[in-house]
Amino acid sequence: MPDLSIFKDPAPYHIITYGTLLGTQVFQSFIGGVVAYKALPRPQFSQLQEKIFPVYFGMQTIFPTVLALTYPGSLLLGTPSSIKGAFAEVNRWSVLVPLGTMFLSGLINMLYVGPKTTKIMKLRKHQETRDGKKSYDAGPHSTEMQNLNRSFGMMHGISSLINMGALVATISYGFTLAARIH
Numbered sequence: 001m002p003d004l005s006i007f008k009d010p011a012p013y014h015i016i017t018y019g020t021l022l023g024t025q026v027f028q029s030f031i032g033g034v035v036a037y038k039a040l041p042r043p044q045f046s047q048l049q050e051k052i053f054p055v056y057f058g059m060q061t062i063f064p065t066v067l068a069l070t071y072p073g074s075l076l077l078g079t080p081s082s083i084k085g086a087f088a089e090v091n092r093w094s095v096l097v098p099l100g101t102m103f104l105s106g107l108i109n110m111l112y113v114g115p116k117t118t119k120i121m122k123l124r125k126h127q128e129t130r131d132g133k134k135s136y137d138a139g140p141h142s143t144e145m146q147n148l149n150r151s152f153g154m155m156h157g158i159s160s161l162i163n164m165g166a167l168v169a170t171i172s173y174g175f176t177l178a179a180r181i182h
C-alpha cells in the first residue's frame, strides 16, 4: 500500500496554489484578456470580463491566504510552518509583504475597484441609450459620456496597476520559494 502521509504535508499544496495563482495572473493579464478583447465585439467582451473579474479577484484574495496557511517552514532557517512561519520576523520582507500585497490587491479590486468599474460601465450603457451613440464611437460625446469615459479609464487604470503590483509580488514570492530549493 502506498504511503498516504505525503498528502498531509502542506508543501505540495503550497506549490500547487502558488503555480495556479501565478499562471492565472499571467494568463488573464497577458493572454486571455488580450485575446478576448481582439476577438469579441466590445459588448460581449465587457460581459465576459464582468463575469471573469470577480472570480479572478477572488482567487487573488483567497490564494495568498492559502499560501500563508500552507507555508512550509524550515528546520534549517528555524521557521515554523503555516501562518506562524509566514509571520515570522525572518520572513517579513520575503514572505509576509509579498503575500500581504497579493491579498490586499485582490481584496481591493474585488470589493471596491471592480464593482465601481462595473457600475461605471452600466452607467455608460445607459448614457449610450440617451445619447444614441456608443461610448467608444468617434466623438463628439455628451459631457456626461465624456465624464463617464474618463471615470472608467481612471478606474480601469487603477485596477490594472493594482493587478500588476499583485503580479510583481507573486513573482517576488516565487524567487523566495526558488531560493529554498537550493
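All residue numbers for the sequence shown refer to UniProt numbering, where the first residue is 1 and numbers rise by one. Don't be surprised by glycine CBs; every beta carbon is placed ideally from N, CA and C.
(request) List the whole-angstrom C-beta distance separating ALA88 from THR101, where the pair is believed to meet the contact cut-off of C-beta under 8 Å. (result) Along the sequence shown, one-based indexing puts residue 88 at 88. Along the sequence shown, one-based indexing puts residue 101 at 101. Going by Cβ atoms, the distance from ALA88 to THR101 rounds to 17 Å, so no, they are not a contact pair.
(message) Looking only at its chain, what residues have a beta carbon closer than 6 Å to the beta carbon of ILE158, apart from the 5 residues adjacent to it on each side?
(response) Along the sequence shown, read from residue 1 onward, the residue named residue 158 stands at position 158. Only VAL113 meet the Cβ criterion.
(message) I'd like to know whether the C-beta atoms of GLY106 and ALA166 end up nearer to each other than 8 Å.
(response) Along the sequence shown, one-based indexing puts residue 106 at 106. Along the sequence shown, one-based indexing puts residue 166 at 166. Against a cut-off of 8 Å, the Cβ pair of ALA166 and GLY106 comes out as a contact.
(request) Look at the Cβ atom of LEU21, then the Cβ atom of PHE57, and state whether they are nearer than 8 Å. (result) Reading the sequence shown from its first residue, position 21 is the one you call residue 21. Reading the sequence shown from its first residue, position 57 is the one you call residue 57. Not closer than 8 Å, so no.
(message) Can you give me the C-alpha to C-alpha distance between PHE103 and THR61, rounded to a whole angstrom?
(response) By one-based count along the sequence shown, residue 103 stands at place 103. By one-based count along the sequence shown, residue 61 stands at place 61. So the alpha carbons of these two residues sit roughly 5 Å apart.
(message) Out of GLU144, ASN109, ILE108, LEU111, which one is the CA nearest neighbour of ARG124?
(response) Stepping through the sequence shown from its first residue, residue 124 is reached at position 124. Among GLU144, ASN109, ILE108, LEU111, the Cα nearest to that of ARG124 is on GLU144.
(message) Once the 5 residues before and after GLN44 are set aside, which same chain residues still bring their CB inside 7 Å of it?
(response) Position 44 of the sequence shown, counted from the first residue, corresponds to residue 44. So the list is empty, once near-sequence residues are dropped.
(request) Give every residue of the same chain whose Cβ lies closer than 8 Å to the Cβ of ILE15, excluding the five residues on either side of it in the sequence, and list them in chain order. (result) To locate residue 15, count along the sequence shown from 1; it is residue 15. Cβ neighbours of ILE15 beyond the five flanking positions: LEU177.
(request) Look up THR70 in the DSSP assignment and say whether it is helix, strand or coil. (result) Stepping through the sequence shown from its first residue, residue 70 is reached at position 70. Coil at THR70, not helix or strand.
(request) Within 10 angstroms of the Cβ of VAL34, are there 16 or more other Cβ atoms? Answer buried if so, exposed if not. (result) Here residue 34 refers to the residue found at position 34 when the sequence shown is read from its first residue. Per the 10 Å Cβ criterion, exposed.
(message) For ILE120, which residues in the same chain have their Cβ closer than 8 Å to its Cβ, ignoring the five residues on either side in sequence?
(response) Counting from one through the sequence shown, the residue named residue 120 turns up at place 120. Result list for ILE120: LEU148, SER151, PHE152, MET155, in chain order.
(message) I'd like to check one pair, HIS141 with LYS133: are the Cβ atoms closer than 8 Å?
(response) The residue labelled residue 133 in the question sits at position 133 within the sequence shown. The residue labelled residue 141 in the question sits at position 141 within the sequence shown. Contact flag set, yes.
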